[in-house]
Structure formats: structure tokens, C-alpha cells
Amino acid sequence: MTAVDGDPAASETYDARALQDKWRARWQKETPFVADEDPADDRPRSFVVDMFAYPSGDLHMGHAEVYAIGDVIARYGFQRGRNVLHPIGWDSFGLPAENAAIRNGTHPAEWTYANIETQAESFRRYGVSTDWSRRLHTSDPDYYRWNQWLFLRFFERGLAYRKNGLVNWCPKDQTVLANEQVVQGLCERCHTPVVRRSLNQWYFKITEYAQRLLDDMDQLADGWPAEVLTMQRNWIGRSQGADVAFGIEGRDEPVTVFTTRPDTLFGATFFVVAADAPLADELCTPEHRAAFDAYRAQVAKLSDIDRQSTEREKTGVFLGRHAVNPVNGERMPIWAADYVLADYGHGAIMAVPAHDQRDLDFARTFDLPVRTVVDTGEPEPAGSGTATTGDGVLVNSGPLDGLGKDDAIARIIAILGERGTGTGTVNYRLRDWLISRQRFWGTPIPIIHCPDCGEVPVPDDQLPVVLPDDLAGADLAPKGISPLAAAESWVNVDCPACGGPAKRDTDTMDTFVDSSWYPWRYCSPGYDAGPFDSAKANKWGPVDQYIGGKEHAILHLLYARFFTKVLHDLGMLDFTEPFTRLLNQGQVINGGRAMSKSLGNGVDLGTEIDSYGVDAVRLTMIFSGPPEDDIDWADVSPAASLKFLNRAFRVMVEAGAASEPGTDPAAGDLALRKATHQAIDKVTAAVEIQRFNVAVARIMELVTAARKAIDSGPGAADPAVREAAESVAVMLSLVAPYVAEEGWERLGHTGTVAIGNWRPADPALLVRESVTCVVQVANKVRDKLEVAPDITADELEALALASAKAQAHIGDRTIRKVVVRAPKLVNIVVS
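The opening residue of the sequence shown carries number 1 in full-length UniProt numbering; numbering runs sequentially from there.
Quick look at the structure:
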């Protein structure tokens, strides 16, 4: 492919395909981007990680964006002389591979590793500055061995446990989902409505770290998007309040509820239990059993999102029992309802209808009493139908009357404490991480179930527990239980503790386990004494820059933060946060909509590269806007990028043909030298704040200045032209590596342009000797003055008023005021 833009000065055109073939082979042979592990290497280190790729076919436009952005950051580190670690890996377990194997009658590994090789080839073609010696695949036994090892360390610390509980169940994929994997009531992968089932499952106790996950966000305030931190805070959902024990008639043990407003206890008039909670089943009396069972079956069809909607009509059934309010002894009817969730707090609430809208709606539906206990000055809720949720002053509340909210909360907690019926506490919305999956293509859970010994860990020296190789195709079809249960020779084993007959656990781990610790494996990928060499992980970590999509703000990023804290507590890491800086790229869309084959607006990355070349596609991605913004491919022009690359290429070729490396630029054209150093200064500043599109714009301006100097100035042999051309090659290498390498070579240099060639701007050439000041009279430009950049406002006002052109337009009118914006503007306001 050859492109020409019609410039008569063109001496040679840019052949993208030829340069890609040439330099890709050179990079593969010379491996310039391998991180140095020499202890004597004292260069500043930079750890840059792009989020794991998933091997679902070839690279797409989203990959093209995120890896172009990550490569700019990594290459900038290489250019600035840093020891950069920029590895690559694949998150290669998961449902897409398993579903493909079922469709095709094959083993998931065939689909997975074929796609990995396809993507690896495309990554090399795309020119990413990757250290290929650290390549990882999470589906390799020598990787998931350490998932199992870490699971056992969590198990020993009580952070991995199994329990019966209500779980999110995807009927299509026939597996459970963590709360974070349910989006608006649908499976986040296949978009099937999720239902609730009671199953015995494995969990990681992330709630043990809830407060640390909140507190340690202070470390991230300067490096993470505020929006992501807010999303995580909201998901963790810290609430301060009280646990209150309510006696239950006919039950020996009280039931504890959590409330953020214990000051409103005197307004509690009924008690609500989540319909799907075991407590509701226990409390239901025989006379109400039929109605309750029918209602519970109805609730099972609803998602948590539906149940918590404020717009749904309230439903419920009376369970035939009463609770006793601990502050006034009143009997409160106990209802089962769908608007209370079994896994929030204790699965039960005290209902204060006057001051909670959902409680009020429920009370009005079932004609339950409403008692105001906080006077906010608003109409009575019982009559208005609107709950009053402000602070106000306590009324109808015995010893709390007349107190404000904060004082009333402190007083009632003290009273509850004295009576032994409550205590101040903190609750979190965050639930423990459900990691069990009833599918084949994942890490087997390393537990053996013995009828005598119970849950027995697989000994470390028997790891990894490798997936059986005799299941494929239809054997893997979802059955509601793990396909591994059918591999009898794999399941049936001797108990490691007593030697008796036992069975392996047949669930596999959530694939988010695989991606929660992988950066540290990059630091020592061949290490065999543990998941990673702690010394090397502590040398490189935490990750200096992490790049990936905002869709992982809650799922992956929260889990990775949790894992890092556990690894710190295990003595394996010196730090408690995995990623110092986080960059979330936008989406690549087309015509204002997400790309989709069904919409007919999909864009194939390979076709774009074949048409315009890798450099043009990368340049287009970077130049389209700030990295966090969406890119609408319908609004950008890789053809225009290719045209610019042609111009830049010819500048480098012509400068290289006209002069030799090492030419002293001091004797060159001063105006061009100033343009070059101002470009270096502005590009450096833009890259540092991750405004890469601005950096590209400044490089384009320098190419234009150099072209002008060649065509109508001192010519290509001028030393300033070589300096400009070399600077273009160095800076352009961040976004267009093929043309930059070729240009550098044509300029007479050996070795890669990509390593250690960034030049500092000469401060003397950044000084502007004069600035153009616009003089306005009545908001119209009447004169332009050349002034010193550091001129004072008083000096500039005097010069403007002395301007003959300004005076001619002032005439005999009165000067009302003079607005001065030194050094660039003076506006003389006249009557």
C-alpha cells in the first residue's frame, strides 16, 4: 500500500505494509522492550499494565484503542530512560470458550489457545512495546496452580468458606453469579433474567476488608478517576447505625435488625422479613403456610432490582406472628415482603412508615398504623401519603422527645445498651464474594469432601488439581451442577487426612479470581516456589499505570484491591493498593451507537489496518480526543492520519538525505529551532497529563513548520531542519512506531528510536522575545502592539492609550474604563 498526498516536493512515499514487515521482524529479533532485572540497573522503574485481554476471536476496535493508549504511556517511559515493565497476558478461562466447545464438540482449550495465537499475532503486528518473555495465560496449569494455592491460604485464614445461601442463578448459563455480575436484573454476560436459588457455595470474605477498602481510597485520590472511587464507595455502602434485638412471640431467640435511624424506634409499627430468607420460613405459622409458600414462589421470579423498585406496588403476606418493640413493649405484626432483601443486614427490618416511603407505601396497602416520631414541619405522612425523611425534632418518643437526630441516636443507643437489647454498629452494602461456578472451564476448587473429616484442603504438594482431559463438547452442557461431577475417576479420591474414600469439590472458581493478582505474576512468571517472587513484586509494584475499561470499576478493580490487601497481610507484598494510577478509556462506537453486527455498523480492525496501516489507525485512535472520551469512528479519518504520516515521513527522509547525524543545530534557523523546542516542551507536558491528542496536535504543527522551512526557508540541509526532523521521529514513536523507526534510520541513526532518545527543551529557546497585544476600542480591534511578555498592566495600558490608531477611534468620546489582560489584550471602553 502506497499513499501520496499530491505534494510536488515529495521525494519518497510512505509504504505502510513494507515498513510493518521490516520493523516487526527487527523488533522480534532484537527484543528492545524486555525489562531489565539486573540489580545494578538503577534507572527509575515504570510498571505499565493493560488489562488482560480475553481471547474471543481476533483483536477488535476496543483493543486497538486501549492498547494504543497503554503503548503511548509505556513508550514514553522507554524514551525517558526508565526501566519499563510492559507485559502481556490472557484471561483465558471462562464461559465463552466453554460455550464454543459445546457448540463445536471440542475441548475449550482448542478454542482458547487458537484465539490466543491469533491475538498474539495481531498484537505483534500492532507494534505494541511488549515484554513477551513475561506472557501469561490463566488457563495454564502452572498459573492456576497458584489460584488454588492462594485459595488454601484464604481458607486457612477463614477468608474462604462455604455456606448455604440464596444466590443469583443464570438459567441459560446454568451457573451462579456474584451480585456484581447481575446488571439490572440480567446476567452481565448473556443478558438472561437472573433468578434466586438456595445453594451451598464457596465465598471469599471480602466484607472483612470493607472498611480498609474504603479507608485506603485516600491513597488513590490523586491517581484514579473520581467517578470510579465514588462507584466503589457506593457499592461498599457503609452505613452507621444500630443493631436492635426484637423479641419474637413463641421464639426463644430474639431477631436482630440493623437500622441507620434507631432514633425512630418509637415509630416502628410493624416488622418485615425478606420473603426468601430462612427466617420467614421459620416464623410462618401453620395457618398462614399456604399463602406464604405461594408468595415466596412468586418472589423467586423477581430480581433484586425489581424488588427494590420504588414504583412497584407493595406486596406481602402476614406470617401470623408478632415481634415486640424493645423500647415500648408494643406488639408488631410480622410480615414477609419482597422489598426487603435476605442478604442485606440481617434480612429483616423494623418498619417506620411515617419516615420511610417504602414502609409507608406498604402500610397504606395493608392498612397498618402510621405514627409520626420526627417533627419536620411537613404534613402528617398518614394523611399526605409522603414520608417525612428529614432530621427534625423527636416527638411521641418518650425519653427522646425534644432531641435532634444526632443526640437522639446517641441517647437511644445508650438506652438499648443498658437494657441489653441493642448496640451501635456499622453495616455495609457489600456482600461476600461468591466464587463458586458450576462450569468446567475454570480453576478447580482444591477441597476434598470426606464423610468423616469434612472439608479437607488438597495438600500443597498435590497442586495443581488439573482439569480432567476426558470431558468435551456435549459433556460440558449446563446441567445445573458442574460438568466436573461426571468425571468419576477425577472426582473419586482418597481423603488426604484419613485415607478413606472421598470426593473432590466439583465447582470451579469465578474467573475474576484469575485476574485479581496477575500483575505480580508478571514480575516473575517462571517462579516455582509460590505465586510470585515477593522481592521482585515489591521491586516493581505497585503498578504505576493501569489501563482499561470503566466497566470493571466495581468487579475486577474491587477484587484486585481486596486480593492485594490479603497478600499484604500474608507478608507477600509491601503495599496495600495494586494500581497507583488508573486510566479508563472510552468506547469506540460508530454513528453514535455501540458497534454491532446486528446494527450493521461494525468496523473490522484488520480491514482498517489493511487499508491505512497500523500507524494511521493508532494515530487516529490517539488524536480523536482525550483517552476517556468515546471515539465515534464515523467522525474520524484514518485517511487524514495517513496523509499526515506521509508528510512527516518525507520531512525525515529529506532531512536525512541532506545532512549527517551529529550536526550542531546551533547554527540553524532560529525560528524553526524555537518551534522545535516549544513543541518538545508542549508534547512533554501533554503526555505527562495524559492529553495524548494534544501531543499529536503539537507534533503536527512541528511537521508543518519543518516542511515550510524545507520548501520556502533555509532548505533541508539547514541544521535546524535536522533537529526538527529528529524530534518528530522521537515524539512520533509514541503513536506511530513504524514510520518513526524508519524515519530515524533514514536520518542516519542506528538502533531503535524508541529507547532513551527523548530530548529536553532548551529553556533559552522557549523564551518569547515579544508578544502581540491586541488593542480594542469599544470591543473592536484597532491596533496590535509587539510588547515584552513580562510587561506590567500599567505599562501596557499606557502604551495602548498612546497608540495613534487607538486615539483616532477614541476621538472626543470619554474613556469610561480600560480593561487590561497583560500581555495580550487591552480593551478601551468609551461612552
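We put the beta carbon where it would ideally sit given N, CA and C, even for glycine.
Among the options, the one whose alpha carbon lies nearest that of residue i
i           : options                   : result
H568        : P542, M700, G668 and Q587 : P542
V771        : P823, R75, K817 and V781  : P823
S397        : G377, G385, P379 and V373 : V373
E654        : F563, T511, R746 and A800 : R746
K301        : P286, L283, G241 and L166 : L166
D281        : T423, A294 and F270       : A294
I116        : S92, P96 and R134         : S92
R162        : Y14, I445 and S122        : I445
I710        : A725, M700 and V696       : A725
residue 834 : V739, V775 and V228       : With the chain represented from 1 up to 831, any question about residue 834 goes unanswered, as that position is not in the structure.
D528        : E551, L463 and D494       : L463
G250        : L283, D218 and L265       : L283
P193        : I334, G422 and N168       : N168
M332        : R135, R816, A616 and R371 : R371
F318        : H346, E287 and A297       : E287
L400        : G267, P763 and Q690       : G267
Proximal residues to residue i (C-beta, below 6 angstroms), its chain only, five neighbours per side dropped
i    : result
V466 : P141
S534 : M572
R312 : none
K674 : L765
A3   : Unreliable placement is indicated for A3, whose pLDDT of 39 sits below 50; the coordinate value is still reported in the next sentence. Cβ neighbours of A3 beyond the five flanking positions: L642 and N646.
G392 : V374, D375 and T376
T580 : G223, P542 and D544
I248 : V255 and A323
Check whether residue i and residue j have beta carbons under 8 angstroms apart
i           : j    : result
V458        : P501 : no
A210        : L430 : yes
S46         : R75  : no
residue 832 : T130 : Limits of the chain in this structure are 1 at one end and 831 at the other, which puts residue 832 out of reach.
L59         : L732 : no
G65         : I631 : At residue 65 the sequence reads Glu, which differs from the Gly that was named. Yes, the pair counts as a contact, with Cβ atoms nearer than the cut-off.
P531        : W149 : yes
R124        : R24  : yes
A706        : L734 : no
A351        : F362 : yes
A634        : N590 : yes
I828        : A806 : yes
K479        : V491 : no
D136        : Y522 : Looking at the sequence provided, one finds Leu at residue 136 rather than Asp. Against a cut-off of 8 angstroms, the Cβ pair of Y522 and L136 comes out as a contact.
Spatial neighbours of residue i in its chain, beta-carbon cut-off 7 angstroms, leaving aside the 5 residues before and after
i    : result
T814 : V830 and S831
L570 : R153
R561 : L213, E577 and P578
A729 : M652, A740, G743, W744, L747 and V753
F563 : S516 and W517
P171 : T192 and V195
Those residues which DSSP pairs with residue i across a bridge
i    : result
E455 : H449
F579 : V543
Q201 : K163
M731 : DSSP, once it has assigned bridges, lists no residue as partnering M731.
S436 : M509
I815 : V830
E786 : T772
S239 : N427
R196 : N168
F270 : A351
Q585 : G549
Residues near residue i in its chain [Cβ-Cβ closer than 8 angstroms; skip 5 each side]
i    : result
E98  : P108, R439, F440, W441 and L476
G105 : A472, G473 and A474
I69  : I547, L583, Q585, M621, I622, P627 and F692
D5   : Caution applies to D5, whose pLDDT of 43 falls short of 50 and renders its modelled position unreliable; the value that the coordinates give is listed next. Counting only Cβ-Cβ distances below 8 angstroms, and skipping sequence neighbours, we find K643, N646 and R647.
I481 : Q438 and T506
Residue i Cβ short of 7 angstroms to the ligand COA heavy atom set
i    : result
T511 : Questions concerning the ligand COA fall outside what the structure shown contains, since it holds no ligand whatsoever.
Cβ contact (3+ pairs, closer than 8 angstroms) linking the stretch 645-653 and the stretch 661-678
Contact between the stretch 645-653 and the stretch 661-678 is not established, with fewer than three Cβ pairs separated by less than 8 angstroms.
Three CB pairs or more closer than 8 angstroms across the stretch 750-763 and the stretch 779-796:
no
Count the C-beta pairs between the stretch 242-257 and the stretch 319-327 that are closer than 8 angstroms, then say yes if the count reaches three, no if not.
yes
Count Cβ pairs between the stretch 403-414 and the stretch 184-203 that sit closer than 8 angstroms; are there 3 or more?
no
For the stretch 336-349 against the stretch 270-284, are there 3 or more C-beta pairs whose distance is under 8 angstroms?
yes
The stretch 421-437 contacting the stretch 193-209, beta-carbon criterion three pairs below 8 angstroms
yes
Below 8 angstroms, can you find three or more Cβ-Cβ pairs linking the stretch 342-362 to the stretch 380-387?
yes
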